[in-house]
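Residue 1002 in my numbering is what sits at position 51 of the sequence shown, and the numbering runs on without skipping anything.
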Amino acid sequence: MKNFKYLLSLLICFFVLLNDPISAKVVFHGGYAFETFKGQKVAAAYVSVFNQSDNDVVIEKITSNISDVAEIHDTVLEGEIMRMKKVESLNIPARSEFYFQPGSTHIMLMGLNDELKDGKTFNLNFVFKNQEKVNVKIMVLNNKLRENLLDRK
Ligand SMILES: [Cu+2]
């Protein structure tokens, strides 16, 4: 009986470990996008991701209710032209940080169904390889901030 209890507690520990949700160990911070003008159909969003777990995590998909499509894009230099390339899945190594940022990897929102207005927020769902979803808040910033950001480069 004692052995059985030991085995049981061991099993429970194992079960808990296996079910440790990604959302508890992967932190999304400071999500933002810039305001859009009327009729604009495409916008980019950015966020910092902190993987505080001992495992790599893979973002397989992003879903959005403010646009028809949300894709992960990389910016690559082809010859002298900067091009955006869709990223099918994004691996974030254990104990590392990843920054979606302008001029680099970003979240592309296509088929916007509403104007993004300064000061408003919206949500994106990040879907991981194990199908777990994490809801991430994205804040809409004034376009002037973008100009400041570019001026500094
Ligand atoms: Cu893009």
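Using N, Cα and C, we set each Cβ at its ideal position, and we do this for glycine too. Being a predicted model, the structure only gives us computed values, none of them experimental.
Any heavy atom of ligand 1 closer than 8 Å to the beta-carbon of His-980? Outside the cutoff, so no.
Indicate, with yes or no, if ligand 1 has a heavy atom lying under 8 Å from the CB of Glu-1022. yes
Would you check if the distance between the CB atom of Val-998 and the CB atom of Phe-1051 is smaller than 9 Å? yes
DSSP on Leu-1067, reduced to helix/strand/coil? coil
Residue span of the alpha helix (DSSP H) that contains Ala-975, given as start and end: 973 to 976
Pair every Cβ in the segment 1023 to 1040 with every Cβ in the segment 1053 to 1060, then say whether three or more of these pairs are closer than 8 Å. yes
Measuring from the CB of Ala-1045, is there a heavy atom of ligand 3 at a distance below 8 Å? Looking for ligand 3 in the displayed structure turns up nothing; the ligands present are ligand 1.
From the DSSP output, in three-state form, read off Asn-1006 for me. The DSSP-derived three-state label of Asn-1006 is coil.
Proximity winner among Val-1008, Phe-988, Gly-982 and Ser-1004, relative to Lys-1084 (alpha-carbon distances): Val-1008
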